[in-house]
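Asker: Here the sequence shown is numbered in our numbering, starting from 8 and rising by one per residue.
Glycine included, every Cβ here is placed at the ideal spot set by N, Cα and C.
Here the structure is a predicted model, which means the values were calculated and not measured.
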Amino acid sequence: MLETETLDVERIRADFPILRRKVRGKRLVYLDNAATTQKPRQVIEALDDYYSRYNSNVHRSVHTLGEEATEAYEASRKKTATFIGATPKELVFVRGTTEATNLVRFAWGEKFVKKGDLVLTTMMEHHSNIVPWQLLCKNKGATLKFVGLNPDCTLDLASFEGLLKEGPRLVAFTHCSNVLGTINDVSALCAKAATAGATTIVDGAQAVPHMAVDVGSLGCDFYAFSGHKMLGPTGIGGLYGRRALLEEMEPFHGGGEMIREVFLDHSTWNDVPYKFEAGTVNIADSIGLGAAVDYLTALGMDKVREHEVRLLKYALSELAKVKGFRHYGPEDPSKKGGVLSFNMADVHPHDLATILDEEGIAIRSGHHCAQPLMRWLDVSATSRASFHVYNSHDDVDALRAGLEKAGAIFRL
Ligand SMILES: Cc1ncc(COP(=O)(O)O)c(C=O)c1O
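#1: Can you find the residues in the same chain that come closer than 7 Å, C-beta to C-beta, to Glu284, ignoring five residues on each side of it along the sequence?
#2: Looking at the structure shown, is Ala201 part of a helix, part of a strand, or coil, going by DSSP?
#3: Ordered along the chain, which non-local residues of its own chain (more than five positions away) have a Cβ less than 6 Å from that of Met256?
#4: Given a cut-off of 8 Å, decide if Leu14 and Lys310 are closer than it, judged by their beta-carbon atoms.
#5: Which partner residues does His334 have in the DSSP bridge list?
#6: Can you give the Cα-Cα distance for Lys282 and Cys160, rounded to whole angstroms?
#7: Would you give the residue range spanned by the alpha helix (DSSP H) that Tyr321 belongs to?
#8: Would you kindly check if the distance between the Cβ of Gly336 and the Cβ of Leu162 is under 8 Å?
#9: Do Gly286 and His314 have their C-beta atoms closer together than 8 Å?
#10: Nearest to Ala6 by CA position, among Val346, Arg18, Arg27 and Thr71, is which residue?
#11: Do Cys227 and ligand 3 come close, with the Cβ less than 7 Å from some heavy atom?
#12: Have a look at the DSSP bridge pairing and note the partners of Asp420.
#13: What's the C-alpha gap between Arg407 and Lys145?
#14: Alpha carbon to alpha carbon, how far is Leu170 from Gly123? Give it in angstroms, no decimals.
#15: Report the rounded CA-to-CA distance for Asn62 versus Val288, giving the unit in angstroms.
#16: Leaving out five residues on either side along the sequence, give the residues of the same chain with a beta carbon under 8 Å from the beta carbon of Gln141.
#17: Compute every distance between the C-beta of Ser135 and the non-hydrogen atoms of ligand 1, then say whether any falls below 7 Å.
#18: Within its chain, find whatever has a CB closer than 6 Å to the CB of Lys330; leave out the 5 residues flanking it on each side and keep chain order.
#19: In the DSSP assignment, the alpha helix (DSSP H) including Arg20 goes from what residue to what residue?
#20: Taking 7 Å as the cut-off, does the CB of Asp309 come closer than this to any heavy atom belonging to ligand 1?
#21: Taking only the alpha-carbon atoms, compute the straight-line gap between Ala405 and Ala195 and give it to the nearest angstrom.
#22: Using CA atoms only, rank isn't needed, just tell me which of Val36, Thr389 and Glu12 is closest to Arg333.
#23: Hey, out of Ala82, Leu38 and Tyr247, whose CA is closest to Glu473's CA?
#24: Note the first and the last residue of the continuous alpha helix (DSSP H) segment covering Trp383.
#25: Please list, in chain order, all residues of the same chain as Ala352 whose beta carbon is under 6 Å from its beta carbon, the five residues on each side excluded.
#26: Report yes if the C-beta of His374 is less than 7 Å from at least one heavy atom of ligand 1; otherwise report no.
#27: Which of helix, strand or coil does DSSP assign to Lys152?
#28: Can you tell me the Cα-Cα spacing of Met381 and Gly409, whole angstroms?
#29: Could you name the residues of the same chain whose beta carbon sits closer than 6 Å to that of His374, not counting the 5 residues immediately before and after it, in chain order?
#30: From the DSSP output, read off the bridge partner residues of Lys343.
#31: Thinking Ala76 and Ile290 are a contact (beta carbons under 8 Å), I'd like their distance in whole angstroms, please.
#32: Indicate, with yes or no, if ligand 1 has a heavy atom lying under 7 Å from the CB of Gly244.
In structure tokens, the structure reads:
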């Protein structure tokens, strides 16, 4: 472990089989973690173990396999809930952040949002924290408004407070922007929204994987996140909801296991969170998520955050030396998640990503599912490098060298 490192990156890398592969004959430099992270062998083995040893449905069968599967599924819920400062009854397993916001749209929004109501979101949101509210507002005859941004890519608090005076029913915002990396002061925003009588939903897709999150101290009503961005499998994530809210909401999907009793003319509902988990759930991946939570917990989320801040600091200073480099987002690494969006002069981000791929470097290019934000930035797309626990200074050096090569190709 290098003295300058908070995490033992070499040891961590050894846990990720995919990092041993070569891409185009080069070492894989994986910098697309905001899209999805790689999986440690502990997660892969948890999936293998479930399918090899105790594959069975949960909450139904009294046989040994059924009991083992149920136990592992609920143990994972407990771990994941604890990881975000919630209790198991407050954590609904969903497919990911997108399903979580849509669950709130249907199960809460259809019941509680009325004609003429106001819903607030912000200009820095991923589409999954915009489109469900557009659909809800259209359906209910409500209005959707957007909190603006400051030139330094932070949330415009004057705009936020001004809109709160209009008495919104729901306020939806991200904990950490997937484009700018901006970290919002969730507890302050939630406290203000609560004083204005609004319900809050926070998109934690880019926060839970990278920093310690405690929904209790954040004071939000709902909090959404995705397992695949936190070293876990795809197809599993979480929706935290305040217990009282979950209790008064309508179900999301109807079917097996979400009911208490079914009659010909009506049904009654199971307890929360099962009321929202209809049909056969994603057993294997929820167990895999539990393994990812164990992995991150063992590293320590404060260390994970410190590691990323150091890396960001290094990346911001190194990449600023590249000709034509322009960064989008707060410049202070301590106010930013491990996401670095940039452009290089007028080189198209897709061209840049293709050239970097030749070097074995994976970054994302495009609109990052944040088209309103792209318009606000006045660009059609950006390139984005994003970090996780297995990234280190050598990855930043490789990125810098790749960008310089691209600069030479485009004669910048
Ligand atoms: C900030 C943010 N919110 C929501 C999402 C959607 O997550 P998922 O595709 O896992 O539902 C993403 C994914 O990129 C994201 O970065």
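Answerer: Taking the geometry as given:
#1: Along the sequence shown, one-based indexing puts residue 284 at 277. Closer than 7 Å at Cβ, skipping near neighbours: Val99, Phe100, Glu264 and Met265.
#2: Position 194 of the sequence shown, counted from the start, is the residue given in the question as residue 201. Helix.
#3: Numbered from 1 along the sequence shown, position 249 holds the residue referred to as residue 256. Correct list, in chain order: Ala114 and Trp115.
#4: Here residue 310 refers to the residue found at position 303 of the sequence shown. Here residue 14 refers to the residue found at position 7 of the sequence shown. A contact, by the Cβ cut-off of 8 Å.
#5: Taking the sequence shown and counting its residues from 1, one reaches residue 334 at position 327. Partner(s): Phe349.
#6: Residue numbering aside, residue 282 sits at position 275 when the sequence shown is read from its first letter. Residue numbering aside, residue 160 sits at position 153 when the sequence shown is read from its first letter. Looking at the two C-alpha atoms, the distance is approximately 39 Å.
#7: Residue numbering aside, residue 321 sits at position 314 when the sequence shown is read from its first letter. From DSSP, the alpha helix (DSSP H) with Tyr321 extends over Met308 to Leu326.
#8: For the purposes of this step, residue 162 is identified with residue 155 of the sequence shown, where counting begins at 1. For the purposes of this step, residue 336 is identified with residue 329 of the sequence shown, where counting begins at 1. It is not a contact, given that the beta carbons lie outside the stated cut-off.
#9: For the purposes of this step, residue 286 is taken as the residue at position 279 of the sequence shown. For the purposes of this step, residue 314 is taken as the residue at position 307 of the sequence shown. Against a cut-off of 8 Å, the Cβ pair of His314 and Gly286 comes out as no contact.
#10: There is simply no residue 6 to check, as the chain begins at 8 and stops at 419 in what is shown.
#11: Here the bound small molecules are ligand 1; ligand 3 is not part of this structure.
#12: Beyond the ends of the chain as shown, which are 8 and 419, falls residue 420; an answer cannot be given.
#13: Along the sequence shown, read from residue 1 onward, the residue named residue 407 stands at position 400. Along the sequence shown, read from residue 1 onward, the residue named residue 145 stands at position 138. In a straight line, the C-alpha of Arg407 is about 46 Å away from that of Lys145.
#14: Translated into the one-based positions of the sequence shown, residue 123 becomes position 116. Translated into the one-based positions of the sequence shown, residue 170 becomes position 163. Looking at the two C-alpha atoms, the distance is approximately 15 Å.
#15: The residue given as residue 62 occupies position 55 in the sequence shown. The residue given as residue 288 occupies position 281 in the sequence shown. Approximately 13 Å between the Cα atoms of the pair.
#16: What you label residue 141 is simply residue 134 of the sequence shown in a count that begins at 1. Result list for Gln141: Leu151, in chain order.
#17: Residue numbering aside, residue 135 sits at position 128 when the sequence shown is read from its first letter. Yes.
#18: Taking the first residue of the sequence shown as 1, we reach residue 330 at position 323. Within the same chain, Lys330 has close Cβ partners Gly414 and Leu419.
#19: Against the sequence shown, residue 20 aligns to sequence position 13. Note, Arg20: alpha helix (DSSP H), Val16 to Ala21.
#20: Position 302 of the sequence shown, counted from the start, is the residue given in the question as residue 309. Asp309: no, Cβ never under 7 Å from ligand 1.
#21: On the sequence shown, position 398 is the one that residue 405 refers to. On the sequence shown, position 188 is the one that residue 195 refers to. Near 39 Å, if we compare the C-alpha coordinates of Ala195 and Ala405.
#22: For the purposes of this step, residue 333 is taken as the residue at position 326 of the sequence shown. It is Thr389 whose Cα lies nearest to the Cα of Arg333.
#23: With the chain covering only 8 through 419, there is no way to say anything about residue 473.
#24: To locate residue 383, count along the sequence shown from 1; it is residue 376. From DSSP, the alpha helix (DSSP H) with Trp383 extends over Gln378 to Leu384.
#25: Along the sequence shown, read from residue 1 onward, the residue named residue 352 stands at position 345. The answer, listed in chain order, is Gly331 and Leu419.
#26: The residue given as residue 374 occupies position 367 in the sequence shown. Flag unset: Cβ of His374 not near ligand 1.
#27: If you number the sequence shown from 1, residue 152 lands on position 145. Three-state result, Lys152: strand.
#28: As a first step, residue 381 must be located in the sequence shown, where it is residue number 374. As a first step, residue 409 must be located in the sequence shown, where it is residue number 402. The straight-line gap from Cα to Cα measures roughly 24 Å.
#29: On the sequence shown, position 367 is the one that residue 374 refers to. So the list reads Met381 and Ala388, once near-sequence residues are dropped.
#30: Within the sequence shown, the letter at position 336 stands for residue 343. Answer is Thr189, bridged to Lys343.
#31: Residue mapping note: residue 76 aligns to position 69 of the sequence shown, counting from 1. Residue mapping note: residue 290 aligns to position 283 of the sequence shown, counting from 1. Contact flag correct, Cβ pair sits at about 6 Å.
#32: As a position in the sequence shown, residue 244 is number 237, starting the count at 1. Within the cutoff, so yes.
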